[in-house]
Amino acid sequence: MIICLLGCTPRVTFFPDNLPVAIVGEPYNTEIKIQGGGAGISSSSFYIDISPTNGLKAEVIHIPEPYSSIRIYGEPENSVDTTIQIFGDTLGTSFPGKEFNKTYVIKVKETE
17 MIICLLGCTP RVTFFPDNLP VAIVGEPYNT EIKIQGGGAG ISSSSFYIDI SPTNGLKAEV
77 IHIPEPYSSI RIYGEPENSV DTTIQIFGDT LGTSFPGKEF NKTYVIKVKE TE
């Protein structure tokens with residue numbers, strides 16, 4: 017008799033796939049939902065990079081679970097596309113955790 021056990025760490029998914037357009041000088045506020053990862057996301061490896069910052073900031077929201085969403089907010093200063101990169105690792109259980117990363121580009125336009 018041969019027994020084969022397969023296991024995996026559920027992958028991390030991000031919603032939405034794309035972020036809304038931002039307008040220079042107008043308040044911007046959107047939320048990125050993070051799901052999956054099995055045992056959760058490691059706080060020591062979680063990192064968000066905004067480049068250029070262009071007046072935008074990120075806030076991690078820990079409700080209903082730690083690192084379950086990210087709020088991107090602020091007032092864009094220039095009509096320069098802004099890249100949001102999210103990096104991290106999931107926590108391992110009986111299987112090792114997994115690295116994840118997601119990149120968003122926010123199109124920033126002049127006032128219409």
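Those letters in the sequence shown? Residues 17 to 128, by our numbering. Where a beta carbon is used, it is the ideal one built from N, C-alpha and C, also for glycine.
Looking at C-alpha atoms only, which residue of the options is the closest neighbour of residue i?
| i | options | result |
| --- | --- | --- |
| Q101 | I66, G90, R27 and F30 | I66 |
| L35 | I88, N70 and P92 | I88 |
| F30 | I122, T127, K123 and K118 | K118 |
| D97 | A74, I79, E75 and V121 | V121 |
Quick one: what's got a C-beta closer than 8 Å to residue i's C-beta in the same chain, skipping five residues either side?
| i | result |
| --- | --- |
| K125 | V37, A38, I39, V40 and S95 |
| I77 | E47, S84, S85, I86 and R87 |
| G56 | E81, P82, Y83, T106 and L107 |
| K73 | I66, I88, Y89 and G90 |
| T127 | I39, V40, G41 and E42 |
On the three-state DSSP scale, how would you describe residue i?
| i | result |
| --- | --- |
| Y120 | strand |
| E126 | coil |
Does the Cβ of residue i have 16 or more other Cβ atoms within 10 Å, making it buried, or fewer, making it exposed?
| i | result |
| --- | --- |
| Y63 | exposed |
| P92 | buried |
| N45 | exposed |
| I50 | buried |
Is residue i close to the ligand NAP? I mean its beta-carbon at under 7 Å from any heavy atom of the ligand.
| i | result |
| --- | --- |
| V121 | Absence of the ligand NAP from the depicted structure is noted, as is the absence of any ligand whatsoever, leaving it without description. |
Excluding five sequence neighbours on each side, which residues of the same chain lie with their C-beta closer than 7 Å to the C-beta of residue i?
| i | result |
| --- | --- |
| G113 | T25, S58, D105, T106 and L107 |
| P68 | V96 and T98 |
Once you ignore the five residues that flank residue i on each side, which residues in its own chain have a CB closer than 6 Å to its CB?
| i | result |
| --- | --- |
| S61 | G104 and D105 |
| K123 | V37 and D97 |
Mind pulling the alpha helix (DSSP H) runs of 4 or more residues that sit fully within the region 28-107?
-> Positions of the alpha helix (DSSP H) runs, each at least 4 residues long and wholly inside the region 28-107, cannot be given because no such run exists.
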